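**Q** Quick note, the sequence shown lines up with residues 2 to 221 if you use our numbering. Note that CB positions come from ideal geometry on N, CA and C, so glycine has one too. Please read these numbers as outputs of a predicted model, since none were measured by experiment.
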Amino acid sequence: MLKAVLFDLDGVITDTAEYHYMAWKQLASEIHIEIDREFNEMLKGVSRMESLERILRHGQRERDFTPEEKQELATKKNKQYVQLLEQVTPSDVYPGIRELLLELKTSGIHAVIASASKNAPQILRSLQLTDLFDYIVDPDEVAQGKPAPDIFLRGAEAVGATAEECIGIEDAQAGIEAIKSAQMIAVGIGDEALLMASGADVVLPTTEKLSLPFLKSLIC
C-alpha cells in the first residue's frame, strides 16, 4: 500500500539548478576558481557545505580557508541564490506535478519534500505549493546528506510510513542512491542510463508522465 511519496525539489518539482549554478559560479570566480556546467552536475543533490568543499577541491584550495571562512563563503553564496529565487513563480512548477500533488491529497497519501535545500519552504511558497505537502524535511534534522538515506527515512518517519510504503522521486544520482539505501522504490526523472546505473527502479524523461495510478502500479 502506498502511504507516502517523497519528492526531491530541484529537478523534480521545479528547476532552480540554473540559479544554484549562477550563484556558485560567481562565488567560485571571486576566490579564483573556475567552474562550468559540466562540473556543476557534481553539485546536484548534495548539501551546501559539501558543494563548497567540492568546489574548493576542484580549485585545489580546500586547505586555504578555516571552517569559519568556509561558512562565510557558503552563506554568501546562499544570499545570492535567495536573491535569484525572487524570480520564481507558480508558472515554474514542472508539468504534471501540481496535478499529482492534488491526486495525492485527495487520496490521503502523504507528500513529503526530501531535499538538501534549506530554501525549500521559500521556494514552495513562491510556487504556491506549500499546502499540498504534509512535511518538509529540514536538512539540519539529519546526520548525513544524500547519498546517505537519512533524509528519506526522516521524511517517512515524520508521516508515519515505513520504507515499504514509500516511493521516492529524484533527478540526481546521489538522490537515487539515497532512496535505494532507504529501501524504498526509486523513480528517476531525466537521464535514463545515468539514473538506472544509480539503482533507479524506473526512469521517466520528464514529470509529465507522473500520476497516482502509475506510482501505485510500482508498489502493488
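Please report the residue range of the alpha helix (DSSP H) in which leucine 130 lies.
**A** Here leucine 130 belongs to no alpha helix (DSSP H), and DSSP marks it neither H nor E.
**Q** Is there contact here, the stretch 204 to 213 with the stretch 139 to 157, by at least three beta-carbon pairs under 8 Å?
**A** no
**Q** Express the C-alpha separation of glycine 12 and arginine 55 in angstroms, rounding to a whole number.
**A** 20 Å
**Q** In whole angstroms, give me the CA-to-CA distance for histidine 111 and phenylalanine 215.
**A** 16 Å
**Q** Using the rule of at least 16 other Cβ atoms within 10 Å of the residue's Cβ for burial, across every protein chain shown, is lysine 210 buried or exposed?
**A** exposed
**Q** Residue range of the alpha helix (DSSP H) that isoleucine 36 falls in?
**A** First-last for isoleucine 36: undefined, no H or E at that position.
**Q** Can you check whether the CB of aspartate 202 is closer than 8 Å to the CB of leucine 219?
**A** yes
**Q** Return the chain-ordered list of same chain residues with a C-beta closer than 6 Å to the C-beta of serine 127, the five sequence neighbours on each side being excluded.
**A** Once the five neighbours on either side are set aside, the close Cβ partners of serine 127 are Val89.
**Q** Take the Cβ of proline 68 as the centre, count every other Cβ of all protein chains shown within 10 Å, and call the residue buried at 16 or more, exposed below.
**A** exposed
**Q** Using three-state DSSP, classify aspartate 151 as helix, strand or coil.
**A** The three-state reading of DSSP puts aspartate 151 in helix, counting H, G and I together.
**Q** Report the option in Val47, Ile14, Gln72 and Lys80 whose CA atom is closest to the CA atom of serine 92.
**A** Ile14
**Q** Thinking just about the alpha-carbon of each residue, which of Leu7, Met2 and Thr17 is nearest to the one in valine 83?
**A** Thr17
**Q** Closer than 7 Å to a non-hydrogen atom of the ligand HEM - does that hold for the CB of alanine 112?
**A** Only the bare structure without any ligand can be found here, which leaves the ligand HEM out of the picture.
**Q** Can proline 96 and lysine 119 be called in contact, C-beta distance under 8 Å?
**A** no
**Q** Buried or exposed: which applies to alanine 162, given that a residue is buried once 16 or more other Cβ atoms fall within 10 Å of its Cβ?
**A** Counting Cβ neighbours within 10 Å, alanine 162 comes out buried, since at least 16 surround it.
**Q** Just to confirm, are serine 52 and tryptophan 25 a CB contact at a threshold of 8 Å?
**A** yes
**Q** Can you list, in chain order, the stretches of the alpha helix (DSSP H) that have 4 or more residues and sit fully within the stretch 84 to 109?
**A** 98 to 108
**Q** Would you mind sorting glutamate 171 into buried or exposed? The rule is 16 or more other CB atoms within 10 Å of its CB.
**A** buried
**Q** Note down, in chain order, each residue of its chain lying with its Cβ closer than 6 Å to the Cβ of aspartate 29, except the 5 sequence neighbours on either side.
**A** The residue you asked about is not aspartate; residue 29 is alanine in the sequence shown. Counting only residues of its own chain and dropping the five nearest sequence neighbours on each side, alanine 29 has a CB closer than 6 Å to the CB of Ile36 and Ile56.
**Q** So, is glutamine 174 buried or exposed, given that buried needs 16 or more other C-beta atoms within 10 angstroms?
**A** Buried, since its Cβ has 16 or more Cβ neighbours within 10 Å.
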